[in-house]
Amino acid sequence: MPTVKVYYFQLKAAGESIRLLLAYGGQEFEDIRVAREDWPELKPSMPFGQMPVLEIDGKKYAQSTAIARYLGRKYGLVGKDIEEDFEIDQIIEFFNDIRIKAASVFYETDENAKAKKQEENEKNHYPVMLKKLDEIITKNKGHMALGKLTWADFVFAGMYDAFKFLLKISDLDEKYPSFKKLQETVLSIPKVKAYCDKAPKSDF
Amino acid sequence: MCFRVMPTYKLYYFNRTAVGEGIHLLLGYGDQEFEECRLKKEDWPALKPLMPFGQVPVLEIDGKKYAQSTAIARYLGRKYGLAGKDIEEDFEIDQIIEFFNDIRNRASATFHETDKNTKARMQEDNEKNHYPFMLKRLDDIITKNDGHMALGKLTWADFVFAGMYDCLKLLLHISDLDKKYPSFKKLREKVLAIPEVKAFREKNP
Chain R
168 MPTVKVYYFQ
178 LKAAGESIRL
188 LLAYGGQEFE
198 DIRVAREDWP
208 ELKPSMPFGQ
218 MPVLEIDGKK
228 YAQSTAIARY
238 LGRKYGLVGK
248 DIEEDFEIDQ
258 IIEFFNDIRI
268 KAASVFYETD
278 ENAKAKKQEE
288 NEKNHYPVML
298 KKLDEIITKN
308 KGHMALGKLT
318 WADFVFAGMY
328 DAFKFLLKIS
338 DLDEKYPSFK
348 KLQETVLSIP
358 KVKAYCDKAP
368 KSDF
Chain Y
101 MCFRVMPTYK
111 LYYFNRTAVG
121 EGIHLLLGYG
131 DQEFEECRLK
141 KEDWPALKPL
151 MPFGQVPVLE
161 IDGKKYAQST
171 AIARYLGRKY
181 GLAGKDIEED
191 FEIDQIIEFF
201 NDIRNRASAT
211 FHETDKNTKA
221 RMQEDNEKNH
231 YPFMLKRLDD
241 IITKNDGHMA
251 LGKLTWADFV
261 FAGMYDCLKL
271 LLHISDLDKK
281 YPSFKKLREK
291 VLAIPEVKAF
301 REKNP
């Protein structure tokens, strides 16, 4: 049995998909949740000075989407050929596009610039992008791709609460019911539910 | 505008110098014939609704559209034997590409910021707190990998880097990037010197 550790902050956000995937894969792991004040000391030991990091028998894996794809391939949550795998990669890249747009508003420190960016997103980007995402999930029977469970669903489910927070759209669940449904689909998988029931709670 | 011939592959894009270029270079390496559909601004409103995510680049193969530049590059990389030998090796490629995209997205967000004060602030923050560390890390990794992005050998990640490099320099707004990190330009040149790529570029300037 390999020794597996996950290093991330006391959040779900970008790290949660890794925890959910490991749970799905029946892989025990040390769930290391780093407090903000402890991070500066740990930072230099991480491959890119960032988290989440997955460590397997001492080897460190960084970059959340790359890790999720790796675990997805390990646990059979992928397509049957490169065309199918492409479909997963494509929707994940689009989802990340939306997330990055929302995150850039969050990280903006100047209040006026922040308000302007949020307004621009709400007017010109979110409606089209979220509608597109909703259509794709609906077309795929409540999944991100291929009409079935893939690692992309885990990325979405793990990130969803942070995603809602970053978008600042309080009625996101009502506007696009497929989103929360997809999260629930993943979180209700028995092994995943067992992990969530015991895991520390965080809002996002 | 598009030619009237009906080939199997079509590539839709605006400018070759950014995310579309890596795909171009990969198709060249793969010796794949394709129709170039370089879009003009006035063509776009009619074509936008036909694209999977209302964006380009889009690669169309036998009528099926493939969008999202990194996903396309990975797909072609796997098709043309420019991937790893197992999931651990593929992970190494994905990891460096995701990091590279982090740098690119950061630079792009700054470059495309319309408010001058915000833009100046973002650039200053990047130059002080992010670029030195991130670019040194990228340089270290390329150097450690014998002048490649991963696995000490040619992979699709090298094509993404080579295709994006000139645009990245512009986005970063670091005029002496070539001098500061010589491994970057070397990697681009290494890809462009590959015989199939060189021949392709001579035929498609």
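Protein chains in written order, with this note's numbering: chain R, 168 to 371; chain Y, 101 to 305. Glycine included, each C-beta is placed from N, C-alpha and C at the ideal position.
### Query
Alpha carbon to alpha carbon, what distance is there between Gly-252(Y) and Thr-244(Y)?
Sequence check: residue 244(Y) is Lys here, not Thr. Each residue's Cα considered, the two are about 8 Å apart.
#### Entry: Residue-chain proximity (Gln-257(R), chain Y), Cβ-Cβ < 8 Å
Gln-257(R) belongs to the set of residues whose beta carbon lies under 8 Å from a beta carbon in chain Y.
### Task
Give the DSSP-derived three-state secondary structure of Ala-235(R) in the structure shown.
Helix at Ala-235(R).
### Query
Is the distance from the Cβ of Asp-320(R) to the Cβ of Met-311(R) below 8 Å?
Closer than 8 Å, so yes.
#### Entry: Cutoff 8 Å: Thr-255(Y) Cβ touching any chain R Cβ
Residue contact check for Thr-255(Y) against chain R: no CB pair falls below 8 Å.
### Message
So with CB distances below 9 Å, who are the chain Y contacts of Phe-332(R)?
### Response
Within 9 Å Cβ-Cβ: nothing; Phe-332(R) doesn't reach chain Y, min ~19 Å.
### Message
Would the region 260-276 of chain R count as touching the region 328-347 of chain R if we require 3 or more Cβ pairs under 8 Å?
### Response
Three or more pairs of CB atoms, one per stretch, sit closer than 8 Å, so the region 260-276 of chain R contacts the region 328-347 of chain R.
### Message
On the CB-based measure, 16 or more other CB atoms within 10 Å of its CB, does Gly-120(Y) come out buried or exposed?
### Response
Around the beta carbon of Gly-120(Y), 16 or more other beta carbons lie within 10 angstroms, which makes this residue buried.
#### Entry: Boundaries of the alpha helix (DSSP H) in which Lys-285(Y) is found, first to last residue
Start and end: 282-292.
#### Entry: Top-ranked residue by Cα proximity to Glu-204(R), from Lys-172(R), Phe-176(R), Asp-364(R) and Gly-225(R)
Among Lys-172(R), Phe-176(R), Asp-364(R) and Gly-225(R), the Cα nearest to that of Glu-204(R) belongs to Phe-176(R).
#### Entry: C-alpha gap between Glu-213(Y) and Lys-219(Y), whole angstroms
One C-alpha to the other measures close to 5 Å.
### Message
Taking CB distances under 8 Å as the criterion, tell me whether Gly-298(R) reaches chain Y.
### Response
Position check: residue 298(R) holds Lys in this sequence, whereas Gly was assumed. No, because no Cβ of chain Y sits closer than 8 Å to the Cβ of Lys-298(R).
### Query
Are there 16 or more other CB atoms within 10 angstroms of the CB of Tyr-274(R), so buried, or fewer, so exposed?
Flag for Tyr-274(R) reads exposed.
### Task
Could you please give the first and the last residue of the uninterrupted alpha helix (DSSP H) stretch that includes Ile-267(R)?
Start and end: 249-273.
### Message
Would Lys-170(Y) pass as an interface residue toward chain R - the criterion being a Cβ-Cβ separation below 8 Å?
### Response
Looking at the sequence provided, one finds Thr at residue 170(Y) rather than Lys. Interface residue, yes.
### Message
Quick check on the burial criterion: 16 or more other C-beta atoms within 10 angstroms. Buried or exposed for Lys-179(R)?
### Response
Counting the other Cβ atoms within 10 Å of the Cβ of Lys-179(R) gives 16 or more, which makes it buried.
### Task
Tell me, please, whether the region 348-359 of chain R touches the region 294-313 of chain R by the rule of three or more beta-carbon pairs shorter than 8 Å.
The region 348-359 of chain R is in contact with the region 294-313 of chain R.
### Task
Name the one or two DSSP bridge partners that Leu-159(Y) has.
According to the DSSP secondary-structure assignment, Leu-159(Y) is paired through a beta bridge with Leu-111(Y) and Tyr-166(Y).
### Task
Compute the beta-carbon to beta-carbon distance between Gln-217(R) and Ala-229(R), rounded to the nearest angstrom, for a pair I have assumed lies under 8 Å.
Cβ atoms of Gln-217(R) and Ala-229(R) come within 8 Å of each other, at about 7 Å.
### Query
In whole angstroms, what separates the C-alpha of Glu-260(R) from that of Lys-365(R)?
About 31 Å.
### Message
Is it the case that the region 225-244 of chain Y contacts the region 178-185 of chain Y, given that we only count it when at least three CB pairs across the two stretches are under 8 Å?
### Response
Between the region 178-185 of chain Y and the region 225-244 of chain Y there are fewer than three C-beta pairs closer than 8 Å, too few to call the two in contact.
### Query
So does the region 186-204 of chain R actually touch the region 355-362 of chain R, counting three or more Cβ pairs closer than 8 Å?
The region 186-204 of chain R vs the region 355-362 of chain R: in contact.
### Query
How many angstroms separate the CA atom of Ala-233(R) from the CA atom of Glu-198(Y)?
Ala-233(R) and Glu-198(Y): Cα-Cα distance of roughly 7 Å.
### Message
Let me see if you follow: with CB-CB separation under 8 Å, is Asp-290(R) close to chain Y or not?
### Response
The question names Asp, but residue 290(R) in the sequence shown is Lys. False, the Cβ-Cβ gap to chain Y never drops below 8 Å.
#### Entry: Per DSSP, cross-strand counterpart(s) of Glu-135(Y)
Answer is Lys-110(Y), bridged to Glu-135(Y).
### Query
Any idea what DSSP makes of Glu-208(R), helix, strand or coil?
Residue state for Glu-208(R) is assigned as helix, using DSSP reduced to three classes.
### Task
Identify every residue that forms a DSSP beta bridge with Arg-200(R).
Answer is Tyr-175(R).
### Message
Please list, in chain order, the residues of the region 239-272 of chain R that have any C-beta partner in chain Y closer than 7 Å.
### Response
Per Cβ criterion, the list reads Arg-240, Lys-241, Ile-249, Phe-253, Asp-256, Gln-257, Glu-260, Phe-261, Ile-267 and Ser-271.
### Query
When DSSP labels each residue in this structure, what does Ala-209(Y) get in the three-state scheme?
Helix.
#### Entry: Interface partners of Phe-215(R) on chain Y, CB under 7 Å
Listed along chain Y, the residues sitting closer than 7 Å to Phe-215(R) by beta-carbon distance are Phe-199 and Arg-237.
### Query
Do the region 259-266 of chain Y and the region 122-130 of chain Y make contact, defined as three or more Cβ pairs closer than 8 Å?
When Cβ pairs closer than 8 Å are counted between the two stretches, the region 259-266 of chain Y is seen to touch the region 122-130 of chain Y, the count reaching three or more.
### Message
Please tell me whether Thr-218(Y) has its Cβ less than 8 Å away from any Cβ of chain R.
### Response
With 8 Å as the cut-off, Thr-218(Y) counts as an interface residue toward chain R.
### Message
Give me the chain Y residues within the contact set of Asp-224(R), using Cβ-Cβ distance strictly less than 8 Å, ordered along the chain.
### Response
Neighbours of Asp-224(R) on chain Y: none; closest Cβ ~12 Å, over 8 Å.
### Query
Buried or exposed: Leu-150(Y), going by 16 or more other Cβ atoms within 10 Å of its Cβ?
Answer is exposed; the Cβ neighbour count stays below 16.
### Query
Hey, does Thr-305(R) have any beta-carbon neighbour from chain Y nearer than 8 Å?
It does not; no Cβ of chain Y falls within 8 Å.
### Message
If I follow the unbroken beta strand (DSSP E) through Lys-298(Y), where does it start and stop?
### Response
In the DSSP annotation of this structure, Lys-298(Y) is not part of any beta strand (DSSP E); the continuous alpha helix (DSSP H) holding it starts and ends at 295-303.
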